[in-house]
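Residue numbers (my numbering): 74 to 209. Okay, so here's the structure we're looking at.
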C-alpha cells in the first residue's frame with residue numbers, strides 16, 4: 074500500500090499541547106474562583122476557539138508540508154518537519170506562558186513572588202525586571 078502522508082506531527086508534542094490547554098483552562102477557572110470573578114461561558118468559548126485555531130493550524134501545516142514533501146524538492150523533504158514541530162513548540166510556549174500568567178494573578182504569596190513571577194519574566198524576556206515588584 075502506498076503511503077501519502079509523509080509528515081505528521083510528533084504525537085508527544087500533541088499530547089503535551091493538549092495537556093497544557095487543559096491545564097490553562099483549569100488555572101483560568103481557578104483564577105476566576107480565587108479572584109471572585111463570575112465564571113461565564115466566555116472563558117470556555119475562548120478555550121474552544123484556541124483549541125480550534127491550534128487544530129486548524131496543525132492540519133493546514135500537515136497539508137502544506139505534505140505537498141512540499143511530495144514535490145520532490147530535496148530541501149522540502151529534509152526540512153519540512155522543522156516547520157511543523159516548531160509551530161507546535163511555539164503553541165506550547167504560549168500555553169506555558171498563559172499558565173504562569175494565570176498563576177501570577179491568583180494571589181501574591183511567596184511562591185508566586187519568588188518563583189512564578191521571575192519565571193514568567195524570563196519566558197517573556199524581561200530580564201531587567203526579574204525581581205522588581207509590580208503595582209497591581
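Where is the CB? At the ideal position from N, CA and C, for every residue including glycine. As the structure is a prediction and not an experimental result, all values here were calculated from the model.
Beta-carbon proximity list for residue 165, same chain, < 8 angstroms, skipping 5 on both sides: Numbered from its first residue, the chain shown carries residue 165 at position 92. Excluding sequence neighbours, residue 165 sits near 86, 89, 90, 93.
By Cβ distance below 6 angstroms, which residues in the same chain neighbour residue 188 in space, the five residues on each side in sequence not counted? Here residue 188 refers to the residue found at position 115 when the chain shown is read from its first residue. Result list for residue 188: empty, nothing under 6 angstroms.
Quick check on residue 189: does DSSP put it in helix, strand or coil? Along the chain shown, one-based indexing puts residue 189 at 116. In the structure shown, residue 189 sits in a helix (DSSP, three-state: H, G or I).
Go ahead and pull the three-state DSSP assignment for residue 179. If you number the chain shown from 1, residue 179 lands on position 106. Coil at residue 179, not helix or strand.
Using 10 angstroms around the beta-carbon of residue 196, count the other beta-carbons present and answer buried if the total reaches 16, otherwise exposed. If you number the chain shown from 1, residue 196 lands on position 123. By the neighbour-count rule (16 or more Cβ atoms within 10 Å), residue 196 is not buried but exposed.
Ordered along the chain, which non-local residues of its own chain (more than five positions away) have a Cβ less than 8 angstroms from that of residue 177? In the chain shown, counting from the first residue as 1, residue 177 sits at position 104. Correct list, in chain order: 185, 189, 190, 193.
Presumed contact (8 angstroms Cβ cut-off) between residue 131 and residue 107, rounded CB distance: Reading the chain shown from its first residue, position 58 is the one you call residue 131. Reading the chain shown from its first residue, position 34 is the one you call residue 107. Actually they are not in contact, since the Cβ atoms of residue 131 and residue 107 sit about 33 angstroms apart, beyond 8 angstroms.
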